[in-house]
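K.L.:
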Amino acid sequence: MQDYQGLLKQISAKKIAPFYLLSGTEAFFIDSIVDSLTKALVDEAAAAFDHTILYGKDSSVSQIIESAKRFPMVSEKQLIVVKEAQYMDKQLDELAAYLSQASRQTVLVICWKNKAFDKRKKLYKIAQKVGVVFDSKPLYENQIGNWLQSRAKALDVSLSPEAVRVLQDYLGADLHRIQKALEKLKFVIPEGDIIDPSSIEYHIGISKEFNNFELQKAIGQRNFSQSLRITHYLSQNQKQYPLVLTISSLFGYFQRVMQYHALENKQQAATVLGVSPYFVKEYQLAASHYSLKKCSKALQVIYQADLKSKGIIGGGSTSPEAILKQLVIDVWI
5 MQDYQGLLKQ
15 ISAKKIAPFY
25 LLSGTEAFFI
35 DSIVDSLTKA
45 LVDEAAAAFD
55 HTILYGKDSS
65 VSQIIESAKR
75 FPMVSEKQLI
85 VVKEAQYMDK
95 QLDELAAYLS
105 QASRQTVLVI
115 CWKNKAFDKR
125 KKLYKIAQKV
135 GVVFDSKPLY
145 ENQIGNWLQS
155 RAKALDVSLS
165 PEAVRVLQDY
175 LGADLHRIQK
185 ALEKLKFVIP
195 EGDIIDPSSI
205 EYHIGISKEF
215 NNFELQKAIG
225 QRNFSQSLRI
235 THYLSQNQKQ
245 YPLVLTISSL
255 FGYFQRVMQY
265 HALENKQQAA
275 TVLGVSPYFV
285 KEYQLAASHY
295 SLKKCSKALQ
305 VIYQADLKSK
315 GIIGGGSTSP
325 EAILKQLVID
335 VWI
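Under the working numbering, read the sequence shown as residues 5 to 337, first letter to last.
As structure tokens, then:
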């Protein structure tokens, strides 16, 4: 099983296999690998002749094999990409026979999204022997910030720690949207400038003052009035800030405050909490306001709010604003 960065390095170095089986629930990595293969193999002059895109809904295995056996017309190798291959589930094992004698002049890529490919399948087993198998898994929440910064660096985009936080809060784990936002910022911000939350608010339309991270910060500071102002804004903008994500972010926040309490060596806080060193002081302040006992109570309050938001328990108003407001009050007292 190949790792993502290692695979991109191989492709960049022109160490390209005849077959790629790309599957999993994170579409961004699959699309990115396909883009890298396209850049490595297909130039503008050859695109019309030696680059074929097929779709699982509209193609048969016999069509794929027929295309794969063709000789390239212009390039040294032709690239055939089968998208939405998950719609060909019962047919794909027929490709195993082709792969045992795969053309070295063809690079065949199978894109199987939304779930991992069944490892018991004949195609999976032979793909491991003759090609590359990649399982595209979503990033964990505590990995998003580092990934975002690495993508920004790759694009020569400089982000302040606050800007990283605002983008992460607004875009969550949607890697495609993060990539598009970074590409837009690269286009509109002068080279060398450090992008701050004000730039993001102006160019991307994300509020620098009213977001989930600012709500965490206000609660951590025990700034009651600001907490309520932010909950009102988030409640009125549910498309951008779904209640379930706000509740989830608060739960994770108090878990990290508890982790901070438990640390014997506070110098390790950034690493253990999975946050930028810039933000450790916020957890230090929150820990001074919320003891372990209060953190435990806060987690129970947030859990109850989650159940209420999902209709599992009743009582009182179930509007997003009412749930968030009550959550803040219950954490506060």
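The beta-carbon is built from N, C-alpha and C at its ideal position, and this holds for glycine as well.
#1: From what residue to what residue does the alpha helix (DSSP H) around tyrosine 8 run?
#2: Among Gly209, Thr250, Asp197, whose alpha-carbon lies nearest the alpha-carbon of isoleucine 223?
#3: Lysine 312 by DSSP, collapsed to three states: which one?
#4: With DSSP as the reference, label leucine 159 as helix, strand or coil.
#5: Helix, strand or coil: which one does DSSP assign to valine 276?
#6: Could you name the residues of the same chain whose beta carbon sits closer than 6 Å to that of histidine 180, not counting the 5 residues immediately before and after it, in chain order?
#7: Count the other CB atoms, across all protein chains shown, that sit within 10 Å of the CB of glutamate 213; report buried if there are 16 or more and exposed otherwise.
#8: Is DSSP giving aspartate 122 helix, strand or coil here?
#9: Short of 7 Å in beta carbon distance, which residues of its chain neighbour glutamate 286, apart from the five on each side in sequence? Order them along the chain.
#10: Go through its chain and collect everything with a Cβ distance to isoleucine 208's Cβ below 6 Å, but skip five positions before and after it.
#11: Would you call the region 256-271 and the region 291-307 touching, i.e. three or more CB-CB distances under 8 Å?
#12: Can you tell which of Asp62, Tyr144, Gln9, Leu328 has the C-alpha that lies nearest to the C-alpha of aspartate 178?
#13: So the candidates are Lys87, Val161, Leu99, Tyr59; which of them puts its Cα closest to the Cα of lysine 73?
#14: Measuring CA to CA, which of Asp62, His265, Leu247, Ser280 is closest to leucine 289?
#15: With burial defined as no fewer than 16 other Cβ atoms inside 10 Å of the residue's Cβ, what is the status of lysine 43: buried or exposed?
#16: Suppose you measure from the CA of serine 79 to the CA of asparagine 150; what does that come to, to the nearest Å?
#17: For glycine 60, does the count of other Cβ atoms within 10 angstroms reach 16, so buried, or fall short, so exposed?
#18: Looking at the strands, I want to know which residues DSSP matches up with aspartate 334.
#19: Can you give me the C-alpha to C-alpha distance between lysine 129 and leucine 189, rounded to a whole angstrom?
#20: Could you compute how far the alpha carbon of leucine 127 sits from the alpha carbon of aspartate 97?
#21: Using the C-alpha atoms, what's the distance from proline 76 back to valine 46?
#22: May I have the straight-line CA-CA distance separating aspartate 334 from arginine 169, to the nearest angstrom?
#23: Given lysine 18, which residues of its chain have a CB within under 7 Å of its CB, disregarding the five upstream and five downstream residues?
#24: Pull up the distance between the alpha-carbon of isoleucine 199 and that of lysine 94, whole angstroms please.
#25: What distance in whole Å lies between the Cβ atoms of valine 113 and leucine 26, which are believed to be in contact at a cut-off of 8 Å?
#26: Run through DSSP, which three-state label would glycine 256 get?
P.N.:
Reading from the atomic positions:
#1: Within the sequence shown, numbered from 1, the residue matching residue 8 stands at position 4. Run containing tyrosine 8: 8-16, per the alpha helix (DSSP H) assignment.
#2: Translated into the one-based positions of the sequence shown, residue 223 becomes position 219. Checked all of Gly209, Thr250, Asp197; the closest Cα to isoleucine 223 is Thr250.
#3: Indexing the sequence shown from 1 puts residue 312 at position 308. Of the three classes helix, strand and coil, the one that applies to lysine 312 here is helix, per DSSP.
#4: For this step, residue 159 is matched to residue 155 along the sequence shown. Leucine 159 falls in the coil class under three-state DSSP.
#5: As a position in the sequence shown, residue 276 is number 272, starting the count at 1. Looking at valine 276 - three-state DSSP - the assignment turns out to be helix.
#6: Your numbering for residue 180 matches position 176 in the sequence shown. Phe32, listed in sequence order.
#7: As a working mapping, residue 213 is identified with position 209 in the sequence shown. Exposed: under 16 other Cβ atoms inside 10 Å.
#8: Within the sequence shown, residue 122 is the residue found at index 118, counting from 1. Coil.
#9: Residue 286 sits at position 282 when you count from the first residue of the sequence shown. The residues are Lys221, Gly224.
#10: Working through the sequence shown from its first residue, we reach residue 208 at position 204. Hits under 6 Å: Ala185.
#11: yes
#12: As a working mapping, residue 178 is identified with position 174 in the sequence shown. The shortest C-alpha separation from aspartate 178 is found at Tyr144.
#13: Within the sequence shown, numbered from 1, the residue matching residue 73 stands at position 69. The candidate whose alpha carbon is nearest that of lysine 73 is Leu99.
#14: Position 285 of the sequence shown, counting from 1, holds the residue named residue 289. Checking every option, the nearest Cα to that of leucine 289 belongs to His265.
#15: Position 39 of the sequence shown, counted from the start, is the residue given in the question as residue 43. Lysine 43 comes out exposed.
#16: Stepping through the sequence shown from its first residue, residue 79 is reached at position 75. Stepping through the sequence shown from its first residue, residue 150 is reached at position 146. When rounded, the distance between both Cα atoms is 38 Å.
#17: Residue mapping note: residue 60 aligns to position 56 of the sequence shown, counting from 1. So glycine 60 ends up on the buried side.
#18: On the sequence shown, position 330 is the one that residue 334 refers to. DSSP output for aspartate 334 lists no bridge partner at all.
#19: Within the sequence shown, the letter at position 125 stands for residue 129. Within the sequence shown, the letter at position 185 stands for residue 189. Taking the straight line from one Cα to the other gives about 43 Å.
#20: One-based indexing of the sequence shown puts residue 127 at position 123. One-based indexing of the sequence shown puts residue 97 at position 93. For leucine 127 and aspartate 97, the distance between alpha carbons rounds to 5 Å.
#21: Taking the sequence shown and counting its residues from 1, one reaches residue 46 at position 42. Taking the sequence shown and counting its residues from 1, one reaches residue 76 at position 72. Cα to Cα, valine 46 sits roughly 11 Å from proline 76.
#22: On the sequence shown, residue 334 is found 330 positions in, with the first residue counted as 1. On the sequence shown, residue 169 is found 165 positions in, with the first residue counted as 1. Taking the straight line joining both Cα atoms gives about 26 Å.
#23: By 1-based counting over the sequence shown, the position of residue 18 is 14. Excluding residues within five positions, the ones whose Cβ falls inside 7 Å are Ala44.
#24: Numbered from 1 along the sequence shown, position 195 holds the residue referred to as residue 199. Numbered from 1 along the sequence shown, position 90 holds the residue referred to as residue 94. Looking at the two C-alpha atoms, the distance is approximately 49 Å.
#25: To locate residue 26, count along the sequence shown from 1; it is residue 22. To locate residue 113, count along the sequence shown from 1; it is residue 109. Contact holds; Cβ gap of about 7 Å.
#26: Along the sequence shown, one-based indexing puts residue 256 at 252. In this structure, glycine 256 counts as helix in the three-state DSSP scheme.
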